[in-house]
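Everything below concerns the one structure shown next.
In our numbering, the protein residues as written are 28 to 257.
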């Protein structure tokens, strides 16, 4: 049995604030928009994985249902619950002030490419939503830089992080400071390096739909180097 690791107070706070103590399953499946008494559940049902991206706030009934095994009825799936959680957080984020004015100004001055698939670039996400690129500022020797990162949840429980070189990066390329970027991403989102698959993507381009990334990529294994850094 996996050893339970309680979420840190900042992570617990972030998850509770992000969902406003709404159970995402009550919210979307039962149209119950009220705050509910509940608990933090682990999406992969492994209590040792307590990073924010693996946590969801559920009411007591839905937490019990999610953790239960049924023989006849189809139980709640991890992907299903994760989808409802991400949709709930996105809905609440949409109600908050955005940086549309800054984005429009950036497009007008040429500082921002309006074709980028991330419109609200600097929203500082509490976790990485699968298949949704986010800009990430990193520190590196000589010159800090900016890249895009995208989380991909693999069927075997590992987490793939795609680090994408973006046009106009003012600092070191992701190739020259890959270890630094990897360490900072893992620390920021509390990703266990033993579960990490790190991908580096280059030759950034936007397809006609404006929402798909096409690139050349390479894979690195940072487990040994990250353990040395610790």
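From the three backbone atoms N, C-alpha and C, an ideal C-beta is built for every residue, glycine too.
All of these numbers come straight from a predicted model, not from anything done at the bench.
Nearest-angstrom Cβ-Cβ length linking residue i and residue j, presumed shorter than 8 Å
{"i": "residue 79", "j": "residue 177", "result": "Their Cβ separation, rounded to whole angstroms, is 17 Å, which puts residue 79 and residue 177 out of contact at 8 Å."}
{"i": "residue 74", "j": "residue 32", "result": "7 Å"}
{"i": "residue 10", "j": "residue 208", "result": "Residue 10 lies beyond the range of the chain shown here (28 to 257); nothing can be said about it."}
{"i": "residue 199", "j": "residue 164", "result": "Not a contact, Cβ separation roughly 12 Å."}
{"i": "residue 71", "j": "residue 184", "result": "6 Å"}
{"i": "residue 169", "j": "residue 197", "result": "Their Cβ separation, rounded to whole angstroms, is 12 Å, which puts residue 169 and residue 197 out of contact at 8 Å."}
{"i": "residue 90", "j": "residue 81", "result": "14 Å between Cβ atoms; not a contact."}
{"i": "residue 77", "j": "residue 34", "result": "4 Å"}
{"i": "residue 179", "j": "residue 190", "result": "Contact doesn't hold; Cβ gap of about 12 Å is too wide."}
Simplified DSSP state of residue i, which is helix, strand or coil
{"i": "residue 83", "result": "strand"}
{"i": "residue 177", "result": "strand"}
{"i": "residue 120", "result": "helix"}
{"i": "residue 36", "result": "helix"}
{"i": "residue 213", "result": "helix"}
{"i": "residue 47", "result": "coil"}
{"i": "residue 187", "result": "strand"}
{"i": "residue 170", "result": "coil"}
{"i": "residue 224", "result": "strand"}
{"i": "residue 151", "result": "Low confidence applies here, because residue 151 scores a pLDDT of 49, under 50, leaving its location unreliable; read the following figure in that light. Correct three-state label for residue 151: coil."}
{"i": "residue 200", "result": "coil"}
Residue from the options whose Cα sits closest to the Cα of residue i
{"i": "residue 206", "options": "196, 193, 226, 222", "result": "226"}
{"i": "residue 59", "options": "115, 42, 99", "result": "115"}
{"i": "residue 193", "options": "159, 228, 204", "result": "228"}
{"i": "residue 186", "options": "43, 118, 107, 213", "result": "213"}
{"i": "residue 160", "options": "203, 122, 188, 182", "result": "188"}
{"i": "residue 112", "options": "172, 43, 122, 64", "result": "43"}
{"i": "residue 109", "options": "67, 37, 221, 97", "result": "67"}
{"i": "residue 107", "options": "97, 117, 93, 120", "result": "93"}
{"i": "residue 182", "options": "40, 211, 222", "result": "222"}
{"i": "residue 41", "options": "211, 120, 57", "result": "120"}
{"i": "residue 203", "options": "172, 220, 122, 97", "result": "172"}
Measuring CB atoms only, is the stretch 94–105 touching the stretch 41–48, in the sense that at least three cross pairs come out at less than 8 Å? no
Inside the stretch 52–108 only - alpha helix (DSSP H) runs reaching at least 4 residues: 87–94
Does the contact criterion of 3 or more C-beta pairs under 8 Å hold for the stretch 82–90 versus the stretch 51–60? yes
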